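Residue numbers for the sequence shown follow the UniProt record's numbering, beginning at 1 and rising by one.
Scroll down for the structure; my scribbles are underneath it.
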Amino acid sequence: MPEFCVTGGTGFIAAYLIKALLDKGHTVRTTVRNPDDLEKVGYLTKLSGNKERLKILKACLLVKGSFDEAVTGVDGVFHIASPVIVPHDNNIQLWYAYAKTLGEREAWRIAKESGIDLVVVSPSFVVGPLLAPQPTSTLLMILGIIKGLKGDYPNTTVGFVHIDDVISAHLLAMEEPKASGRLICSSTVAHWSQIIQMLRAKYPSYPYEIKCGSQEGDDNAHSMDTTKITQLGFPQFKSLEKMFDDCIKSFQDKGFL
Numbered sequence: 001m002p003e004f005c006v007t008g009g010t011g012f013i014a015a016y017l018i019k020a021l022l023d024k025g026h027t028v029r030t031t032v033r034n035p036d037d038l039e040k041v042g043y044l045t046k047l048s049g050n051k052e053r054l055k056i057l058k059a060c061l062l063v064k065g066s067f068d069e070a071v072t073g074v075d076g077v078f079h080i081a082s083p084v085i086v087p088h089d090n091n092i093q094l095w096y097a098y099a100k101t102l103g104e105r106e107a108w109r110i111a112k113e114s115g116i117d118l119v120v121v122s123p124s125f126v127v128g129p130l131l132a133p134q135p136t137s138t139l140l141m142i143l144g145i146i147k148g149l150k151g152d153y154p155n156t157t158v159g160f161v162h163i164d165d166v167i168s169a170h171l172l173a174m175e176e177p178k179a180s181g182r183l184i185c186s187s188t189v190a191h192w193s194q195i196i197q198m199l200r201a202k203y204p205s206y207p208y209e210i211k212c213g214s215q216e217g218d219d220n221a222h223s224m225d226t227t228k229i230t231q232l233g234f235p236q237f238k239s240l241e242k243m244f245d246d247c248i249k250s251f252q253d254k255g256f257l
């Protein structure tokens, strides 16, 4: 069976990708900043197949050469990690997007120069059940909105996508020889007010945010063109209801709601 590297192993997408690869019988190398931090890394060691086929390695994107052991000799690399060092910055989502954009530009440059077969999966706002012990990233934002802890909800219209679809898209990008370029991975586009309205109708007991944020320019109606990934054989995307139901159920099961 092929062996793969997944960078940023404790992230929302990366952890699910590791799980999926192990479930398919693959050997996986993953990178984290500190393999000895069991509070953050420990749940990966409980995944099925981890003892025989999962190797957790120390690496940092800011340290040249630290990924050499992780990538040397593997059949493919899922590069999920992104360096964002902006502590306590209210614009963390913008910095994250900026870091991802610069990283992708550099990846395309290196791929062209080195003849690397590169495919980029571009997911929208990722939603789904919690795998890690604590919610991070998009899940932490969702939890704050449901519990009314953020002060307002984003004045943003954005595409949403189930974590299962994101993982399927990454596997398709790796396994399908015809995959190339950028693959948009997104289900329904909606404004956050529509999400809250949907959730309040089904889960009325939670103190959702009621105030819309004041930021401007991010609430324009738009669509996400998924034609390219669909033509590769990608199945139908999961619905908004399914992704948020799965998310809330996992919050409930883990005691966050």
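Heads up, the beta-carbon is just placed ideally off N, CA and C, and yes, glycines get one too.
Predicted model only: the values in this text are computed from it and were never measured.
- In summary, Leu-130 is buried, with 16 or more beta-carbon neighbours lying within 10 Å of its beta-carbon over all protein chains present.
- Boundaries cannot be given for Phe-67, as no alpha helix (DSSP H) includes it and DSSP labels it neither H nor E.
- A check of alpha carbon separations from Thr-230 across Ile-196, Asp-253 and Glu-176 identifies Glu-176 as the nearest.
- The straight-line gap separating the alpha-carbon atoms of Arg-53 and Pro-123 is approximately 27 Å.
- The way I'd put it, the region 218-230 doesn't touch the region 99-106; fewer than three beta-carbon pairs between them come closer than 8 Å.
- Along the length of the UniProt domain "NAD-dependent epimerase/dehydratase" (5-91), whole alpha helix (DSSP H) runs at least 4 residues long occupy 12-23, 38-41, 50-53 and 68-71, reported in chain order.
- The C-beta separation of Val-127 from Cys-212 comes to about 20 Å, leaving the pair out of contact by the 8 Å criterion.
- One thing to note: Phe-237 has its Cβ no nearer than 7 Å to the Cβ of Asp-164.
- In the three-state reduction of the DSSP assignment, Ala-190 falls in the strand class.
- The closest CA to that of His-170, considering only Pro-204, Thr-10, Leu-21 and Glu-3, is found on Leu-21.
- Using a 10 angstroms sphere on the CB of Ile-184, the tally of other CB atoms reaches 16 or more, which defines it as buried.
- Rounded to whole angstroms, the separation of the alpha carbons of Arg-182 and Ser-168 is 15 Å.
- In this chain, the beta strand (DSSP E) harbouring Ser-122 covers 119-123.
- Counted as a single uninterrupted DSSP element, the stretch harbouring Gly-181 is not any alpha helix (DSSP H) but the beta strand (DSSP E) occupying residues 181-185.
- The beta carbons of Glu-39 and Leu-57 sit about 18 Å from each other, so the pair does not count as a contact at 8 Å.
- Assigned with DSSP and collapsed to three states, Tyr-206 falls in coil, not helix or strand.
- Secondary structure of Glu-216 (DSSP, three-state): coil.
- It is roughly 17 Å from the alpha-carbon of Ala-81 to the alpha-carbon of Ile-110.
- In the displayed model, Phe-160 falls within a strand according to three-state DSSP.
- In terms of CA proximity to Val-63, Pro-83 leads the group Val-74, Cys-5, Pro-207 and Pro-83.
- Checking the DSSP bridge columns, you'll see Glu-3 partnered with Thr-27.
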